[in-house]
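Peer 1:
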Amino acid sequence: MNRVTAPVLLLLAVLLVACSGEVDASGNQAEPVRASERYVALGDSYTSGPRLGARSGPEGCEQTTGNYPHLLAERLGLELVDVSCGGAMTDHLTEHQQLAGTAEVPPQLDALDADTALVTLSVGANDGNVFGDLVIDCVRSGMADPGGTPCTKKAQLDNGRLAQEIAGIADSIEEAVGDILERAPRARVIVVGYPQIVPASGHCDQLPLAAGDYPFAHQVVQDIVQAQQDGARTADAEYVDVWSATEGHDICADDPWIAGIRPQKPAAIFHPYAEHQDVVADLLMAKISGS
């Protein structure tokens, strides 16, 4: 998700090479992933993990060693190529991404090759600036009208633009999986969903939306996640359900895994804490091992 917006599961003992692989969405036997094989991580800032460790990528991407690709690669002994970058859209899988000033990074899919054994993909929320609009516009309007539903009303007047942008995420994910497999035909491709960020109701100081806009904001994030899952299913890719695993850990929760407007420990505003990244790494280990 866009860096400009500046937000346990049991540890699984995983055998690296299981006797039989995971069955993917198409019903095919998924290839096991072995130690030292090449793992390419694609995604936005919910993958890059801003402020969760030492910088590990281009300066403007806010990629750190505390993100789930690094955790997963370390636990499974994989050769990691992490090209996740804050602000990335699905377009940036195949196009250069402009960073601050004149800096830019190559298309993320350029990191793939025929030796790639594992690819994780988590993008979509920045397409059409869906997440940026949700956070910036809804917080601003919520401060002006804390007791109303200003963001909900605005969306009702946008002639369906938001719904169209979200629906397009599914098509973009499907297309991306196809592009990945063209470049890395033997790779296991796992689409990683977003977590629960906004509670369905209530209110908290860490997320200063208008009280009546919480259900709308929660639904927008859920719709984005559903679009990711739909795209993965249509493309016969594997999918990791982070949404369900993060229930009860949104920004307003007693034990939040997503930072609010005043992070209580290292994290970017409205971005994951280390707990989220650790859980995603656990979920991926379980998926890869078939446990």
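Mature numbering (1 follows the signal peptide of the UniProt record, and there is no 0) puts the sequence shown at residues -25 to -1, 1 to 266. For every residue, glycine included, the Cβ atom is placed at its ideal position computed from N, Cα and C. Fair warning: this is a prediction, and the values are worked out from it, not measured in the lab.
Spatial neighbours of K240 within its chain, please: C-beta separation below 7 Å, excluding the five flanking residues on both sides.
Peer 2: Counted from its first residue, the sequence shown places residue 240 at position 265. So the list reads Y248, once near-sequence residues are dropped.
Peer 1: Taking only the alpha-carbon atoms, compute the straight-line gap between A210 and L156 and give it to the nearest angstrom.
Peer 2: Taking the sequence shown and counting its residues from 1, one reaches residue 210 at position 235. Taking the sequence shown and counting its residues from 1, one reaches residue 156 at position 181. Spanning the two alpha carbons is a distance of roughly 10 Å.
Peer 1: DSSP puts L13 in a beta bridge; with which residues?
Peer 2: Within the sequence shown, residue 13 is the residue found at index 38, counting from 1. The amino acid at residue 13 is misidentified as Leu; the sequence shows Arg. Partner(s): E54, T91.
Peer 1: What residues match up with P247 in a beta bridge as DSSP calls it?
Peer 2: Residue 247 sits at position 272 when you count from the first residue of the sequence shown. DSSP lists I233 as partners of P247.
Peer 1: In terms of alpha-carbon separation, which member of H67, A86, V255 lies closest to E79?
Peer 2: Here residue 79 refers to the residue found at position 104 when the sequence shown is read from its first residue. If we check each option's Cα against that of E79, H67 comes out closest.
Peer 1: Let me know if N134 comes out buried or exposed under the rule of 16 or more other beta-carbons within 10 Å of its beta-carbon.
Peer 2: Translated into the one-based positions of the sequence shown, residue 134 becomes position 159. When all chains shown are included, N134 counts as exposed.
Peer 1: Near E140, what residues of its chain come up, given a Cβ to Cβ distance below 7 Å and the 5 sequence neighbours on each side ignored?
Peer 2: Within the sequence shown, the letter at position 165 stands for residue 140. These residues qualify, in order along the chain: D102, G103, V105.
Peer 1: If you draw a straight line from the C-alpha of A89 to the C-alpha of E149, how long is it?
Peer 2: One-based indexing of the sequence shown puts residue 89 at position 114. One-based indexing of the sequence shown puts residue 149 at position 174. A89 and E149: Cα-Cα distance of roughly 20 Å.
Peer 1: Which same chain residues, not among the five before or five after T91, have their C-beta less than 6 Å away from its C-beta?
Peer 2: As a first step, residue 91 is located in the sequence shown; it is residue number 116 there, counting from the start. Once the five neighbours on either side are set aside, the close Cβ partners of T91 are R13, V15, A159, A162.
Peer 1: Considering just the uninterrupted stretch of the beta strand (DSSP E) at E140, what are its terminal residues?
Peer 2: Counting from 1 along the sequence shown, the entry for residue 140 is found at position 165. Looking at the DSSP string, E140 is not in any beta strand (DSSP E); the run it does join, the alpha helix (DSSP H), is 136 to 158.
Peer 1: Per DSSP, what kind of secondary structure is R115 in: helix, strand or coil?
Peer 2: As a position in the sequence shown, residue 115 is number 140, starting the count at 1. Helix at R115.
Peer 1: Since I believe P125 is in contact with D188 (beta carbons under 8 Å), could you give me their beta-carbon distance rounded to a whole number of angstroms?
Peer 2: On the sequence shown, residue 188 is found 213 positions in, with the first residue counted as 1. On the sequence shown, residue 125 is found 150 positions in, with the first residue counted as 1. The Cβ separation is near 7 Å, so the contact holds.
Peer 1: Grab the span of the beta strand (DSSP E) containing V200 for me, first residue to last.
Peer 2: In the sequence shown, residue 200 corresponds to position 225, counting from 1. Here V200 belongs to no beta strand (DSSP E); instead the alpha helix (DSSP H) covers 189 to 209.
Peer 1: For G103, does the three-state DSSP call read helix, strand or coil?
Peer 2: Sequence index remark: in the sequence shown, residue 103 carries index 128 (1-based). G103 falls in the helix class under three-state DSSP.
Peer 1: How long is the line joining the alpha carbons of T127 and V114, rounded to whole angstroms?
Peer 2: Here residue 127 refers to the residue found at position 152 of the sequence shown. Here residue 114 refers to the residue found at position 139 of the sequence shown. Rounded to whole angstroms, T127 to V114 spans 12 Å at the Cα level.
Peer 1: In this structure, does DSSP put E34 in helix, strand or coil?
Peer 2: Looking up residue 34 in the sequence shown gives position 59. E34 falls in the helix class under three-state DSSP.
Peer 1: Rounded C-beta distance between V166 and A207? I'm assuming under 8 Å.
Peer 2: The residue labelled residue 166 in the question sits at position 191 within the sequence shown. The residue labelled residue 207 in the question sits at position 232 within the sequence shown. V166 to A207, Cβ: 4 Å. Contact.
Peer 1: Quick check on DSSP: helix, strand or coil for L96?
Peer 2: As a first step, residue 96 is located in the sequence shown; it is residue number 121 there, counting from the start. Correct three-state label for L96: strand.
Peer 1: Determine whether the beta carbon atoms of Q252 and G24 lie at a separation below 8 Å.
Peer 2: Here the question's residue 252 lines up with position 277 in the sequence shown. Here the question's residue 24 lines up with position 49 in the sequence shown. In this structure, G24 lies closer than 8 Å to Q252 by Cβ.
Peer 1: Use the C-beta contact count for E34: other C-beta atoms within 10 angstroms, 16 or more gives buried, fewer gives exposed.
Peer 2: Here residue 34 corresponds to residue number 59 of the sequence shown, with the count starting at 1. Under this definition E34 is an exposed residue.
Peer 1: With a CB to CB cut of under 7 Å and the five nearest residues on each side skipped, what residues in its chain are close to G177?
Peer 2: Walking along the sequence shown from the start, residue 177 turns up at place 202. The residues are Y189, C227.
Peer 1: Assign T39 to one of three DSSP states: helix, strand, or coil.
Peer 2: In the sequence shown, residue 39 corresponds to position 64, counting from 1. DSSP places T39 in strand when its eight states are reduced to three.
Peer 1: Distance check for Q201 and D154, CA to CA, integer angstroms please.
Peer 2: Within the sequence shown, the letter at position 179 stands for residue 154. Within the sequence shown, the letter at position 226 stands for residue 201. When rounded, the distance between both Cα atoms is 21 Å.
Peer 1: If you draw a straight line from the C-alpha of Y137 to the C-alpha of A130, how long is it?
Peer 2: Residue 137 sits at position 162 when you count from the first residue of the sequence shown. Residue 130 sits at position 155 when you count from the first residue of the sequence shown. It is Leu, not Tyr, that sits at residue 137 in the sequence shown. Near 7 Å, if we compare the C-alpha coordinates of A130 and L137.
Peer 1: If you count every other CB in all the chains shown that lies within 10 Å of the CB of R9, and 16 or more means buried, which is it?
Peer 2: Along the sequence shown, one-based indexing puts residue 9 at 34. With fewer than 16 Cβ atoms within 10 Å of its Cβ, R9 is classed as exposed.
Peer 1: Flag this pair as yes or no: are the beta carbons of S116 and Y21 separated by less than 8 Å?
Peer 2: For the purposes of this step, residue 116 is taken as the residue at position 141 of the sequence shown. For the purposes of this step, residue 21 is taken as the residue at position 46 of the sequence shown. No, the Cβ-Cβ distance between S116 and Y21 is not below 8 Å.
Peer 1: Would you kindly work out how many angstroms separate the C-alpha atoms of T221 and F245, rounded to a whole number?
Peer 2: Taking the first residue of the sequence shown as position 1, residue 221 is located at position 246. Taking the first residue of the sequence shown as position 1, residue 245 is located at position 270. Going from the Cα of T221 to the Cα of F245 covers about 15 Å.
Peer 1: Count the other C-beta atoms from every protein chain shown that fall within 10 angstroms of the C-beta of G52, then say buried if there are 16 or more, exposed otherwise.
Peer 2: By 1-based counting over the sequence shown, the position of residue 52 is 77. Looking at its Cβ environment, which holds fewer than 16 other Cβ atoms inside 10 Å, G52 is exposed.
Peer 1: Hey, how far is the Cα of L132 from the Cα of G265?
Peer 2: Residue numbering aside, residue 132 sits at position 157 when the sequence shown is read from its first letter. Residue numbering aside, residue 265 sits at position 290 when the sequence shown is read from its first letter. Their Cα atoms are separated by approximately 46 Å.
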